[in-house]
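Oh and the sequence shown: position 144 is 144 in the UniProt record's numbering, straight run, nothing missing.
All C-beta atoms in this analysis are idealised placements derived from N, C-alpha and C, irrespective of residue type, glycine included.
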Amino acid sequence: MLARKDLPAEFAAWNEKWGAPYGHRSARLLAEGKRPQQRPLEALADPANPEYGPFAFQYASGTRVHEYPWAFAAAEFTPGMRVLDVGSGLSGLQFVAALEGCSVVNVDPSAREDYNVWTDPGYLPLSPREHQLLNTTFGTDVELVAARLQDADLEPESFDRVLCLSVLEHVDLAEGADIVRASTRLLKPGGKLVLTVDAFLDLRPFGVLEKNMWGINQDVGALIEASGLELETGDPRELLGTPEFDFEHVVKSLPEVLVSAMYPVMSQSLVLRKPV
C-alpha cells in the first residue's frame, strides 16, 4: 500500500511519544506548523537532551512520519523477540524495538570507524563508536554488524522479525533480490519481513527518468517473488511490479497519498510472512 497523508490517531500519538521522525524538538515545530530542523551532528553532541530522543540522529525523508509508526505497528513486537534491522544506520526504530524488550541486530555495510570523505553536515556517518554512544544514552544493547546482509555471519532461521525500511530503492534489482532472499533465510518459520520501499514520482512509470540521486523505482513484485514469502499486508495495486499494479488507481489516489515535501517520493508499505 501507499502511505496516506491522513495519519491514524495512533500513529500521530506514537510519533509524539518517540519524537519521530526528526526528534522531539522538530516534532514540536511541525505541530506548530513550522519546518523541522534536522541537525544530527548537533544532537550527537548532547544525545541525552530531551529535545532529541532516538530519532534525532539520522536525516529522515518526510515519508518517515508514516513509515516509522506503521512499521512498529506492523511488526507487532513482543519482549524476547529477535529483530534484524537492515541498513538502519542511526535510525531510532532499532532503539525503540530494544526498549520494547527485543534483542536487536542492525546490519549495515556503511558502518566503519574512519570516514576520510566529505559529508554534508546534515548527515551523520555511521560509526560503531557513535552507535554505542546511542546505546549507552538509551540504555539499549543493539548489536551493530558492519556487513551486507547477504554476507553477514548470522544463524539461519534465528529472527522473528526483519525490518528493511527505505533501503531497497538504493540498490539494483539483483542486490535487492539478494537482500530479500537473505532475509527469508534468516527468518524463523512464521516470521515477518516488514518492508517500506520508496516510489519516486520523477522516475518511470510516473516520470521520465530511470534513476535519480537517491536510487531507482524498485520492482517490488519481483522482490516478493524472489523472497518466496507470502504477502500478508499491502495493496498489490499500489506496489510497483506486481501483476495487480494499477497505474490509473495510483494516479487517482495521489490527492490522498503522502508525498514528501522535500522530494517527490511516496512510500510503499508491505509485510511478507514466512510460511510455517
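**Q.** Helix, strand or coil at Q268 [DSSP, three-state]
**A.** Note: Q268 maps to strand in three-state DSSP.
Q) My guess is that R161 and V96 are in contact by the Cβ rule of under 8 Å, so how many angstroms apart are they, rounded? A) Their Cβ separation, rounded to whole angstroms, is 13 Å, which puts R161 and V96 out of contact at 8 Å.
Q) Exposed or buried, which one is T119 when buried takes at least 16 other CB atoms within 10 Å? A) Low confidence applies to T119: its pLDDT is 47, below 50, so where it sits in the model is not reliable, and the reading given next is rough at best. So T119 counts as exposed.
Q.
Quick check on the burial criterion: 16 or more other C-beta atoms within 10 angstroms. Buried or exposed for M81?
A. With a 10 Å radius around the Cβ and a threshold of 16 neighbouring Cβ atoms, M81 comes out buried.
Q: Counting only the same chain and skipping the five closest in sequence on each side, list residues whose C-beta sits under 8 Å from that of D204.
A: The question names Asp, but residue 204 is Arg in the sequence shown. In chain order, E210, N217 place their CB closer than 8 Å to the CB of R204, counting only its own chain and leaving out the 5 sequence neighbours on each side.
Q: Could you tell me if G228 is buried or exposed, where buried requires 16 or more neighbouring beta carbons within 10 angstroms of its beta carbon?
A: So G228 ends up on the exposed side.
Q: Identify, in the order they occur along the chain, each residue of the same chain with its Cβ nearer than 6 Å to the Cβ of Q37, setting aside the five sequence neighbours on each side.
A: Taken in chain order, the residues that qualify are S26.
Q: Determine the direct distance from the alpha carbon of F200 to that of S260, and round the result to whole angstroms.
A: One C-alpha to the other measures close to 10 Å.
Q.
Tell me the rounded alpha-carbon separation between E42 and N49.
A. Roughly 11 Å separates the two Cα atoms.
Q: Rounded to whole angstroms, what's the CA-CA distance from R129 to Y22? Just pull it up for me.
A: Rounded to whole angstroms, the separation of the alpha carbons of Y22 and R129 is 22 Å.
Q) Can you find at least 3 beta carbon pairs, one from the region 173-182 and one from the region 249-256, that sit closer than 8 Å? A) A contact is defined here as three or more CB-CB pairs under 8 Å, and the region 173-182 fails this definition with respect to the region 249-256.
Q.
Between R4 and L258, how many whole angstroms is the CB-CB distance? I'm expecting something under 8 Å.
A. That pair is a contact at about 6 Å.
Q: Kindly indicate the opening and closing residues of the alpha helix (DSSP H) around A177.
A: Here the alpha helix (DSSP H) through A177 covers 173-186.
Q. Which of the three DSSP states, helix, strand or coil, is assigned to G221?
A. Annotated three-state conformation of G221 is helix, per DSSP.
Q | Whole-angstrom distance between S103 and L2, CA atom to CA atom | A | So the alpha carbons of these two residues sit roughly 29 Å apart.
(Q) Pull the bridge partners of R112 from the DSSP assignment, please. (A) Beta-bridge pairing links R112 to no other residue.
**Q.** Proximity to P189 [Cα-Cα], best of E230, V167, F55
**A.** Ranking E230, V167, F55 by CA distance to the CA of P189 puts E230 first.
Q) Between V117 and the rest of its own chain, which residues show a CB-CB distance below 6 Å, the 5 nearest in sequence each way excluded? A) Residue placement at V117 is poorly supported in this model, since its pLDDT is 48, which falls under 50; the coordinates are not used for a value here.
Q) Going by DSSP, what residues sit across from A3 in a beta bridge? A) Partner(s): none; A3 has no beta bridge.
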